[in-house]
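Structure first, then comments.
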Amino acid sequence: MKKTEEKINKVYEFTVEFIRENGFPPSVREICSKLNIKSTATAYSYIERLKSKGLLDKSPMKKRAITLSHQSPQFKSVPLVGTIRAGEPIFAVENLDGYYPLPEEFDTGGDEFALKVQGESMVNAGIYEGDIIIVNKQSYANNGEIVVALVDDSATVKRFYRRNGKVILHPENDNMQDMVFDNVLILGVVKGLMRKF
């Protein structure tokens, strides 16, 4: 059941993103192709489930007839930039992995991007492996904010502190040590996260 719900959510996310990027909905065959769904009947059943939830509408008279329902939340697409390790830094900055549909209530009004978290260094802050963090792109941070920072050409997510002329990137995990630097490049401040169950 969980895998079916995940697939249904992916159909919805793909449909939202496709409409935003192209101005028209995907065909059922495009949904099948993109999401590796073997049968159009299965894709139709997922669309029917989304209709019953009030998220999509579909006209039986048109070929590309999938539309977002008036009840569907409005989304903004933000770039999904690579995968970021919340333990050891990994190269992730110039790695565009597509776009992520962001509900408007998460829109900070700035220039946001999304990153997928790997690792366990931020678990005490409620950031877990597999979470998508929403980051407001900016080059500065206040003490105590959770940041995405560039360290030796690698991106990492940590809590930011500046003390005694040093930058401390603090992991929110009792089993890990602070990272101390003379300076780091701040790529952005984490403003929220999206989690799939």
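For what it's worth, our numbering labels the leading residue of the sequence shown as 46, then goes sequentially. Quick reminder that beta carbons are idealized off the backbone N, C-alpha and C, glycines included. Model, not experiment: these values are computed from the prediction.
Legend entry - Between the CA atoms of Leu125 and Ser199 - distance to the nearest angstrom: Looking up residue 199 in the sequence shown gives position 154. Looking up residue 125 in the sequence shown gives position 80. The C-alpha of Leu125 is placed about 16 Å away from the C-alpha of Ser199.
Legend entry - Residue span of the alpha helix (DSSP H) that contains Ala88, given as start and end: Working through the sequence shown from its first residue, we reach residue 88 at position 43. Its alpha helix (DSSP H) spans residues 85–97.
Inset, instruction - Output the distance between the C-alpha atoms of Asn188 and Met221, rounded to the nearest integer angstrom. - result: Numbered from its first residue, the sequence shown carries residue 188 at position 143. Numbered from its first residue, the sequence shown carries residue 221 at position 176. Distance between the alpha carbons of Asn188 and Met221: 19 Å.
Inset, instruction - Round the Cβ separation of Ile213 and Asp223 to the nearest angstrom and send it over; I've been treating them as touching at under 8 Å. - result: Counted from its first residue, the sequence shown places residue 213 at position 168. Counted from its first residue, the sequence shown places residue 223 at position 178. Yes, they are in contact, since the Cβ atoms of Ile213 and Asp223 sit about 5 Å apart, within 8 Å.
Inset, instruction - To the nearest angstrom, report how far apart Tyr89 and Glu62 are at their CA atoms. - result: The residue you call residue 89 lines up with position 44 of the sequence shown. The residue you call residue 62 lines up with position 17 of the sequence shown. In this structure, the CA atom of Tyr89 is about 18 Å from the CA atom of Glu62.
Legend entry - Closest Cα partner of Lys48 within the set Tyr91, Phe226, Lys161: Along the sequence shown, one-based indexing puts residue 48 at 3. Taking only the C-alpha atoms, the option nearest Lys48 is Tyr91.
Inset, instruction - Using 10 angstroms around the beta-carbon of Ser97, count the other beta-carbons present and answer buried if the total reaches 16, otherwise exposed. - result: As a first step, residue 97 must be located in the sequence shown, where it is residue number 52. It is exposed - the Cβ of Ser97 has fewer than 16 other Cβ atoms within 10 Å.
Inset, instruction - Please classify Asn81: does DSSP put it in a helix, a strand, or coil? - result: Taking the first residue of the sequence shown as position 1, residue 81 is located at position 36. Reduced to three states, the DSSP call for Asn81 is coil.
Inset, instruction - Kindly indicate which three-state DSSP category Ala170 falls into: helix, strand or coil? - result: For the purposes of this step, residue 170 is taken as the residue at position 125 of the sequence shown. If DSSP states are grouped into helix, strand and coil, Ala170 belongs with the helices.
Legend entry - Supposed close pair Lys6, Leu95 - CB separation, criterion 8 Å: Not covered by the structure: residue 6. The range shown for the chain is 46 to 242.
Legend entry - Bridge partner(s) assigned by DSSP for Leu125: Walking along the sequence shown from the start, residue 125 turns up at place 80. For Leu125, which the question treats as bridged, DSSP gives the partners Ala159.
Inset, instruction - Work out the CA separation of Lys161 and Arg240 for me, nearest whole Å. - result: Residue 240 sits at position 195 when you count from the first residue of the sequence shown. Residue 161 sits at position 116 when you count from the first residue of the sequence shown. About 10 Å.
Inset, instruction - Return the residue from the list Asp219, Phe59, Ala170 that minimises the CA-CA distance to Met82. - result: Counting from 1 along the sequence shown, the entry for residue 82 is found at position 37. The amino acid occupying residue 82 in the given sequence is Ile; Met does not appear at that position. The option with the nearest alpha carbon to Ile82 is Phe59.
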